[in-house]
Each structure stands twice: as structure tokens, then as C-alpha cells.
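Going from the sequence shown to our numbering is simple: count from 1 and add 53.
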Amino acid sequence: MQSNGFVRAPRWLSDDFLCDWPTSGERREGRVNFVESHRRYPAAGPWNVDIVRLLEQGGRW
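Next up, the structure:
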């Protein structure tokens with residue numbers, strides 16, 4: 054997601070998706086909460102999201 058297209062994120066995220074922001078200690082649980090938190094955040098300019106770790110069915114990729 055390099056263009057603030059967070060409304061498209063749910064198609065790639067599971068219902069039990071978790072997102073941790075280590076710097077602030079925040080956690081978003083669920084794909085809807087992830088999208089909503091980004092939609093409401095008053096950011097100026099584009100957001101960039103980098104995947105650091107990807108898990109699939111409990112295993113590491």
C-alpha cells in the first residue's frame with residue numbers, strides 16, 4: 054500500500070489480522086479496525102506500509 058488505499062486492504066487481511074506498531078506500542082486487531090484507524094488518522098501525505106513478517110496458518114513465510 055503505497056497510495057493510502059487502505060479501503061482495499063481487507064481483501065488481503067484475515068478477520069483475525071493483527072497489526073503492531075512497536076514505536077507507539079499500539080495494536081490493531083481485525084482488518085476492519087486496521088482500515089478504520091488509517092482512514093481516521095489525520096495524516097498529511099501518503100502512507101507507506103512495509104510487510105515485516107507474514108504468517109500463514111500459524112507457520113512463518
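No residue lacks a Cβ here, since even glycine has one placed at the ideal position from N, Cα and C.
Given residue i, which residues of its chain have a CB within under 8 angstroms of its CB, disregarding the five upstream and five downstream residues?
i	result
Arg84	Ala62, Pro63, Leu66, Ser67, Asp68, Phe70
Met54	At Met54 the pLDDT is 49, less than 50, meaning the model places this residue with poor confidence and gives no usable figure here.
Ser192	Because the chain spans 54 through 114 in this model, residue 192 falls outside it and cannot be assessed.
Between the options, which lies nearest to residue i when the distance is taken from Cα to Cα?
i	options	result
Val105	Asp73, Phe87, Arg81, His91	Asp73
May I ask you to report which of helix, strand or coil DSSP gives residue i?
i	result
Trp65	helix
Arg93	helix
Arg84	helix
If residue i and residue j are in contact, beta carbons under 8 angstroms, what's the gap, nearest whole angstrom?
i	j	result
Phe87	Arg81	5 angstroms
Tell me which same chain residues have a C-beta within less than 6 angstroms of the C-beta of residue i, skipping the five on either side of it?
i	result
Ser90	Arg81
Apart from the five residues on each side of it in sequence, which residues of its chain come closer than 7 angstroms, Cβ to Cβ, to residue i?
i	result
Phe59	Val88, His91, Arg92
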